[in-house]
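**Q** Heads up: the sequence shown is residues 205 to 383, going by our numbering.
For glycine and all other residues, C-beta sits at the position ideal for the given N, C-alpha and C.
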Amino acid sequence: MPTEGKDHSAQKNILEGPSKKRGRGRPANIDPSVVVGSADTYRLWFKQFWSKVGPRLLAARSSEEIARAVRENAPDISVSLAPHSELILKILRDPKFPAVRSTSQIHFLADSLGGQGFVKPRRSREICAEERNKVRHVIVRQEYYIECSCGYKGPALDGACRECGTGELSRDLMVKKNY
Ligand SMILES: [Zn+2]
């Protein structure tokens, strides 16, 4: 599995926790992108370990059993999960916790944990849903201004002249661009 920068930062967020800035009597100020970033990392982790650790988590009757299951069946992630054993037990006992499909179970647990206890599991899931529904626009085309010997002046099309289609640069331009 390729590791991307994004995953690393999410992992860092999980290990270090979100900023603990608090307003007076207010809940912790947690960045929604941190919540969904952590949830995404948890989703990947649980997907990787679920076949072993899932059944034990579902059968656990105490936070100690949760911690033990994680330690024994998913040692790579136990450092990050152990502090949340109590919270994990609470999430698994939520009447809304999916009864069957493991993918649904993984997503519910991961998204509930995204807030890492700084926000309630339900709020954490809401934040994840809101963030995932946000439309993020991206630049799908990047053009630059050209003047072609055919007379065309304006934006290029995929790096070529929109009029005659050439993508070839003049000698002068090649010299200037150090080709
Ligand atoms: Zn042209």
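To the nearest angstrom, how far is it from the Cα of Glu351 to the Cα of Arg345?
**A** Counting from 1 along the sequence shown, the entry for residue 351 is found at position 147. Counting from 1 along the sequence shown, the entry for residue 345 is found at position 141. Looking at the two C-alpha atoms, the distance is approximately 19 Å.
**Q** Pick from Cys368, His341 and Leu293: whose alpha carbon is nearest that of Glu268?
**A** Here residue 268 is taken as the residue at index 64 of the sequence shown, counted from 1. Residue Leu293 is the option with its Cα nearest to Glu268.
**Q** Tell me which residues share the same chain as Val316 and place their Cβ nearer than 7 Å to its Cβ, disregarding the 5 neighbours each side in the sequence.
**A** Residue numbering aside, residue 316 sits at position 112 when the sequence shown is read from its first letter. The question names Val, but residue 316 is Ser in the sequence shown. Correct list, in chain order: Ile295, Pro325, Ser328 and Arg329.
**Q** Three Cβ pairs or more, each shorter than 8 Å: is that satisfied between the region 334-343 and the region 252-259?
**A** With a cut-off of 8 Å, the region 252-259 and the region 334-343 do not count as touching, because too few Cβ pairs lie within range.
**Q** Where does Ile350 sit, in a helix, a strand or coil, going by DSSP?
**A** As a position in the sequence shown, residue 350 is number 146, starting the count at 1. Looking at Ile350 - three-state DSSP - the assignment turns out to be strand.
**Q** Along the chain, where does the alpha helix (DSSP H) containing Lys251 start, and where does it finish?
**A** Numbered from 1 along the sequence shown, position 47 holds the residue referred to as residue 251. First-last of the alpha helix (DSSP H) with Lys251: Pro236 to Ala263.
**Q** When you compare the CB positions of Gly318 and Ala243, do they come within less than 8 Å of one another, or not?
**A** Counting from 1 along the sequence shown, the entry for residue 318 is found at position 114. Counting from 1 along the sequence shown, the entry for residue 243 is found at position 39. Cβ distance < 8 Å, so Gly318 and Ala243 count as in contact.
**Q** Can you give me the Cβ contacts of Gly363 inside the same chain, cut-off strictly under 7 Å, excluding the 5 residues immediately before and after it?
**A** Counted from its first residue, the sequence shown places residue 363 at position 159. Within the same chain, Gly363 has close Cβ partners Gly371.
**Q** Counting along the chain, where does the beta strand (DSSP E) carrying Lys357 start and finish?
**A** One-based indexing of the sequence shown puts residue 357 at position 153. From DSSP, the beta strand (DSSP E) with Lys357 extends over Lys357 to Pro359.
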